[in-house]
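S.K.:
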Amino acid sequence: MARRVIPGDDRARFALAVVVATAVFAVWNAVAWVSAATDDTLDTAAVRDEALAAGRDHVVALTTMDHNDVENGLRRWLEVTTGALRDELAATEPDTLAAVERARTVATAEVRGAALAELDAERGRATMLASVAITTTREGGEEVAARTRYRLELRDTGDGWKVAELDTVGGAA
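Residue 32 in UniProt numbering sits at position 32 of the sequence shown, and the numbers go up by one each step.
#1: Less than 6 Å between C-beta atoms, sequence neighbours within five positions excluded: which residues of the same chain meet that for Val-144?
#2: Is the separation between the beta-carbon of Ala-54 and that of Leu-119 shorter than 8 Å?
#3: Is DSSP giving Gly-83 helix, strand or coil here?
#4: With 16 other CB atoms within 10 Å as the buried threshold, where does Trp-33 fall?
#5: Based on the DSSP output, what are the partners of Val-132 in its beta bridges?
#6: Got a sec, what are the start and stop residues for the alpha helix (DSSP H) Thr-92 sits in?
#7: Within its chain, find whatever has a CB closer than 6 Å to the CB of residue 182; leave out the 5 residues flanking it on each side and keep chain order.
#8: Just verifying my parser: in three-state terms, what is the DSSP assignment at Ala-30?
#9: Look up Ala-121 in the DSSP assignment and say whether it is helix, strand or coil.
#10: Exposed or buried, Glu-79, counting other C-beta atoms within 10 Å across all chains shown (16 or more means buried)?
#11: Are the stretch 65-74 and the stretch 148-166 in contact at 8 Å, needing three or more beta carbon pairs?
#12: Assuming the contact rule is C-beta atoms closer than 8 Å, Ala-98 and His-67 should be a hit. Round their C-beta distance to whole Å, please.
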């Protein structure tokens with residue numbers, strides 16, 4: 001294999017081209033790094049993940065109740081809600097709580113799928129859709145399984161994401 005010989009001027013041009021290419025590459029990498037470091041979409045992605053995780057946990061809390069510990073169930077509901085929904089739950093009459101105890105039923109929930117349909121990270125608002133499997137067991141009876149779709153309006157309260165509204169969507173999931 002023959003070795004190529006580069007005359008003096010060509011060597012200088014080649015060296016200059018390598019230096020220029022290296023400088024351009026370094027500048028491009030610096031700009032890309034600064035751009036990534038100041039990218040708001042990274043913050044938005046983190047907010048989205050937090051809201052979705054909280055919403056998943058909260059819909060389980062709001063669709064789970066054990067007749068053996070109604071007070072604790074209501075306390076969990078109040079911890080995960082805000083606004084008018086929280087006020088409504090806080091005003092639950094003692095007769096209603098007693099009726100839950102008399103029903104002798106345990107309802108447990110599991111999220112089968114969930115996603116944020118809307119997110120406004122700046123205003124601390126999100127809309128989540130969730131498909132939830134709820135298993136209800138009456139004391140001494142068999143389990144009854146149902147699947148329900150929910151729409152949750154979430155708010156970032158400064159104390160984490162909380163549920164401001166909870167509605168069923170459509171028929172059984």
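Even for Gly, the Cβ is constructed at its ideal location relative to N, Cα and C.
M.R.: Straight from the coordinates:
#1: As a working note, residue 144 is residue 144 in the sequence shown. The residues are Thr-136.
#2: The residue given as residue 54 occupies position 54 in the sequence shown. The residue given as residue 119 occupies position 119 in the sequence shown. Contact flag unset, no.
#3: As a working note, residue 83 is residue 83 in the sequence shown. Three-state result, Gly-83: helix.
#4: Mapped onto the sequence shown, residue 33 falls at position 33. Residue environment for Trp-33: exposed (fewer than 16 other C-beta atoms within 10 angstroms of its C-beta).
#5: Along the sequence shown, read from residue 1 onward, the residue named residue 132 stands at position 132. Val-132 has Val-111, Thr-148 as its beta-bridge partners, per DSSP.
#6: Taking the first residue of the sequence shown as 1, we reach residue 92 at position 92. Neither: Thr-92 is in no alpha helix (DSSP H) and is coded neither H nor E.
#7: There is simply no residue 182 to check, as the chain begins at 1 and stops at 173 in what is shown.
#8: Looking up residue 30 in the sequence shown gives position 30. Helix.
#9: Against the sequence shown, residue 121 aligns to sequence position 121. Ala-121 falls in the coil class under three-state DSSP.
#10: Position 79 of the sequence shown, counted from the first residue, corresponds to residue 79. Exposed, because fewer than 16 other Cβ atoms sit within 10 Å of the Cβ of Glu-79.
#11: no
#12: Numbered from its first residue, the sequence shown carries residue 98 at position 98. Numbered from its first residue, the sequence shown carries residue 67 at position 67. Incorrect: roughly 10 Å between the Cβ atoms, too far for contact.
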